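Structure, as structure tokens:
There are 4 protein chains.
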Amino acid sequence: MTKHPAPDLRDELVTASRILFMKDILDGFGHVSARDPEFPDTFLISRNIAPGLVTHADFMRLDFNGIDVEDSGHRPFLERFIHASIYRQRPDVNAIVHSHTPSVLPFSISKRKSLEPVMHMSGFLSGEVPVYEVRDHGHVGCDMLIRNSDMGDELARSLGDEAVILMRGHGMTVVAPDVRLAVFRAVYTEVNARVQAMALTMGEYTALTSEEALAADETNSAQNQRTWSLWETQVQNEVTR
Amino acid sequence: MTKHPAPDLRDELVTASRILFMKDILDGFGHVSARDPEFPDTFLISRNIAPGLVTHADFMRLDFNGIDVEDSGHRPFLERFIHASIYRQRPDVNAIVHSHTPSVLPFSISKRKSLEPVMHMSGFLSGEVPVYEVRDHGHVGCDMLIRNSDMGDELARSLGDEAVILMRGHGMTVVAPDVRLAVFRAVYTEVNARVQAMALTMGEYTALTSEEALAADETNSAQNQRTWSLWETQVQNEVTR
Amino acid sequence: MTKHPAPDLRDELVTASRILFMKDILDGFGHVSARDPEFPDTFLISRNIAPGLVTHADFMRLDFNGIDVEDSGHRPFLERFIHASIYRQRPDVNAIVHSHTPSVLPFSISKRKSLEPVMHMSGFLSGEVPVYEVRDHGHVGCDMLIRNSDMGDELARSLGDEAVILMRGHGMTVVAPDVRLAVFRAVYTEVNARVQAMALTMGEYTALTSEEALAADETNSAQNQRTWSLWETQVQNEVTR
Amino acid sequence: MTKHPAPDLRDELVTASRILFMKDILDGFGHVSARDPEFPDTFLISRNIAPGLVTHADFMRLDFNGIDVEDSGHRPFLERFIHASIYRQRPDVNAIVHSHTPSVLPFSISKRKSLEPVMHMSGFLSGEVPVYEVRDHGHVGCDMLIRNSDMGDELARSLGDEAVILMRGHGMTVVAPDVRLAVFRAVYTEVNARVQAMALTMGEYTALTSEEALAADETNSAQNQRTWSLWETQVQNEVTR
């Protein structure tokens, strides 16, 4: 027991997975992970399974090369390098969500418009959310997945200091200081995308300034428990998915 | 007991909260309040909690400075000043909904189109629904929230005699003579926004004239019990959220 | 008992009401009626209640002047004249749905595009679905409702021989030879509106020719039992709404 | 018993039908079939019933002329020739989904844009998904259905070697080497259509290259069990539809 991380973090990741599935951020694909506070050069992530089905027993602990440090025997996600590289390059990040959310995807492929914060709930978004274009990194004709540490490192560098990065024709990756805030940011990235897309069909609009975004993010981060309590109650009240 | 407002108003606010959550007007954020008929210079509003989780015990009574007159010990909403200022300036208003409804938000940021009534159910909307732009009131780089009485008063003045005001990049505030009508108006503001946005993608359209809007509003206000009965039944039949 | 219509028609209208509510064609408003086969100059329609709550006991029998011929004591719908006038002018019509369906409403207000059949399931739609503009009939500044026989007759004449008519800023009215087909047509009018609106955002498209529409309608009318069985099972399995 | 196909394939088709109904790919109409591995010149398909209601006992075995080889007495689908002709012309195909999915339909009628793969989950789509235009095959003023072997053969030839074909004003047909992959492809064709349509409202976008699509398809086909497990669990947990 002494070597294992606190069990409640795995439970929190189960709840996070089910919330993200309930909110249509994740479908049968995508994953959420957390840095292990006891062994901070490793992180917890489920085996290769749909997030809506994940349980406490499905988690494994990986190092920053994507190696299963406890030899769990579980089959890992192909894209574990998204998580590994970001945890290595961003000591401030303790939780990561990767998803293929349909309403966010158009902003990953558009040549005309970047995703940007248009409402105060999504002040964590930067003025122009960066997009990782796999072709720009020499991967021509690839399957779009982040399959190894080199690609993970490219993605992490493209992310820089931001909270969210889009991946062209693939999805998004959201990072945060803790699991609850990562879930919050993933949910409101999706809401922002819908609001911005609808506003775009009407013509020009006013986005948040970077000052407004920063101030709103600071306020909302402190209100995060309100949504977590709600969403946790909702998924617990659903006996099954 | 003699000093407390009739308990049924708190129950009505619980039902209202759950209806607005069921209809996606409120999510984890937003709030609904009612003027206390016994102490009309105070109003009832829940403590800082998600509307989908609110119960009878969560309500507190605030005065128009946002002070908890019964020292309940509850933590209030940061934005209680929205309610306080409007109740002070609008004696005809006895119920208020504040929300971040995604399909309404685009109209709060659009430079091209105002929300306006395009269907008879939303005749309570004015020809061009006003938008509170926080920057126009000297709040530069703020977190967008209505955090004090000064900002609440600005919002109330911008609302004027209307039933609905949008807040740029933030949400909407809906007022009515009673809780049931406030819920009705919040719901149909959202429907109107979707209908208008869809019509906008097709080009020019015909809105209601102010005469049509006024006449339709008068009729619909008298039909309000029909929707309340339905929605109340729906939320009561859901054992849990 | 001898004077009463067959009870199964009232049950069928209850099922129809609940299907249309489940499919978001009706919300708290709107109504479905059926001509009484025993007294074909009268029709069955519920009292003024939300369709999602209607039961067998809520129905009343009205004549073509909108008079309650059995003095049920029920409060009728203001817009019963929609039904009364159409049954009088269209002996082929035995069931009518009136609704405020949000995805259909944009076509009632657009100056640019008419609703038209773009998929074979909605072959019952005419090439350009007619729109009743209340202003064109001298009703200026009215509440948009069909409140009397004169307005009902105007609507019925505007409908002509069609299956569907839109009402500007108000909703739609759908007619059919029987209740099940009226439900079918109301559902697929809504689907057609969504498909056509989405196609419009892409530019020009191909609609059905009137010959295709006619042929498809004839085929689909004979397949109507398939959807009715499904939808009836769905609403019966929901213990409550 | 010796002449019957393995019972588990019929069970798999029941699960597939219910998944496709849950995911709104099928509504009251549409069908999913599988080639009988024991008698590969026949296929299993349900009788004329809504997919959401189908059970093990509803299946029949048809040959490539659409004839019920076991004289089940069931009433077959009018459009069984879609399946019969494709199984005859495509020995690699062992499962077929035909549907009227609303978000895919706009791409079947648009004169401006073809459906194409814009996200890695839908790499099975060809660069420009073919559209079967019934008029181009001399069927003028018809009811749009694939009613006989000649029309089935036209559709199969238009499909060529692709995984998906659209049918103008009618729907889509999706083929795959097995039932689970056919379900997967139908689901992600729908997601791709929504993503592409939303991107189109923003202007130009980047689609997958054919090399990317091919590589992504190969990867995703091997991940197919993950979604099937999820969706199977979801439909099994719903006691009734």
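Residue numbers (the working numbering), protein chains in the order written: chain A, 1 to 241; chain B, 1001 to 1241; chain C, 2001 to 2241; chain D, 3001 to 3241.
Virtual Cβ for every residue (Gly too), placed ideally from N, Cα, C.
Here the structure is a predicted model, which means the values were calculated and not measured.
Taking C-beta pairs closer than 8 Å, name the residues in chain C that residue i reaches, listed in chain order.
i: M1172 (chain B); result: What M1172 (chain B) touches in chain C: nothing, since even the nearest Cβ is about 18 Å away.
Can you tell me where the beta strand (DSSP E) holding residue i begins and where it ends?
i: H2083 (chain C); result: Taken as a continuous stretch (DSSP letters only), H2083 (chain C) belongs to no beta strand (DSSP E), being part of the alpha helix (DSSP H) at 2080-2089.
Kindly say whether residue i, judged by its beta-carbon, lies nearer than 9 Å to any beta-carbon of chain A.
i: L3181 (chain D); result: no
i: V3129 (chain D); result: no
i: T3240 (chain D); result: Since pLDDT at T3240 (chain D) reaches only 39, below the 50 mark, its modelled position is unreliable, and no value is offered.
i: A3095 (chain D); result: no
i: T3002 (chain D); result: Reliability fails at T3002 (chain D), whose pLDDT of 45 lies under 50, so the model's placement of it is uncertain and no value is given.
i: L3020 (chain D); result: no
i: L1044 (chain B); result: no
How about residue i and residue j: do their beta carbons lie closer than 9 Å?
i: E1190 (chain B); j: D1036 (chain B); result: no
i: S272 (chain A); j: N192 (chain A); result: Residue numbering for chain A in the displayed model covers 1 to 241; residue 272 (chain A) lies beyond these limits and cannot be assessed.
i: I1082 (chain B); j: H1100 (chain B); result: no
i: V3032 (chain D); j: A3050 (chain D); result: no
i: L145 (chain A); j: H3120 (chain D); result: yes
i: F64 (chain A); j: S85 (chain A); result: yes
i: R2010 (chain C); j: H2074 (chain C); result: no
i: G141 (chain A); j: A3207 (chain D); result: no
i: T3227 (chain D); j: G169 (chain A); result: no
i: Q2196 (chain C); j: G3052 (chain D); result: no
Mind pulling the chain A residues with CB within less than 8 Å of residue i?
i: F1029 (chain B); result: M121, Q223, R226, T227
i: G3203 (chain D); result: S110, K111, R112, K113
Strictly by DSSP, which residues pair up with residue i?
i: I1067 (chain B); result: DSSP, once it has assigned bridges, lists no residue as partnering I1067 (chain B).
i: F43 (chain A); result: A:R35, A:L62
i: T2173 (chain C); result: C:H2098, C:I2165
i: Y3205 (chain D); result: A:S110
i: Y2132 (chain C); result: C:M2167
Please tell me whether residue i has its Cβ less than 9 Å away from any Cβ of chain D.
i: V2195 (chain C); result: yes
i: L2214 (chain C); result: yes
i: L13 (chain A); result: no
i: Q236 (chain A); result: no
i: L243 (chain A); result: Missing from the structure shown is residue 243 (chain A); chain A here goes from 1 to 241 and no further.
Please compile the residues from chain D whose C-beta is within a distance smaller than 9 Å of the C-beta of residue i.
i: A156 (chain A); result: Per Cβ cutoff of 9 Å: no residues; A156 (chain A) is ~20 Å from chain D at best.
i: S103 (chain A); result: R3194, V3195, M3198
Need the endpoints of the alpha helix (DSSP H) that residue i sits in, please.
i: T3201 (chain D); result: Looking at the DSSP string, T3201 (chain D) is not in any alpha helix (DSSP H), and its letter there is neither H nor E.
i: N148 (chain A); result: Where N148 (chain A) is concerned, there is no enclosing alpha helix (DSSP H), given that its DSSP letter is neither H nor E.
i: A3216 (chain D); result: 3210-3221
i: V235 (chain A); result: 224-237
What does residue i reach in chain C if we use C-beta pairs closer than 9 Å?
i: V1191 (chain B); result: D2027, H2100, P2102, L2105
i: E1211 (chain B); result: V2140, G2141, C2142
i: L3062 (chain D); result: None at all; the shortest Cβ gap to chain C is about 18 Å.
Going along chain A in order, which residues have a C-beta closer than 7 Å to the C-beta of residue i?
i: L3208 (chain D); result: G169
Could you list which residues in chain B have their beta carbon closer than 9 Å to that of residue i, in chain order?
i: G2160 (chain C); result: Simply none; closest approach about 22 Å.
Can you check whether the C-beta of residue i is within less than 9 Å of a C-beta belonging to chain C?
i: L1125 (chain B); result: no
i: E3133 (chain D); result: yes
i: S1017 (chain B); result: no
Closer than 7 Å by beta-carbon distance: list the chain D residues that pair up with residue i, in chain order.
i: V2118 (chain C); result: I3109, G3169
With 9 Å as the threshold, decide whether the Cβ of residue i is near any Cβ in chain B.
i: L230 (chain A); result: yes
i: E218 (chain A); result: yes
i: L2166 (chain C); result: no
i: G2078 (chain C); result: The amino acid occupying residue 2078 (chain C) in the given sequence is Leu; Gly does not appear at that position. Taking Cβ atoms only, chain B reaches closer than 9 Å to L2078 (chain C), which makes this a yes.
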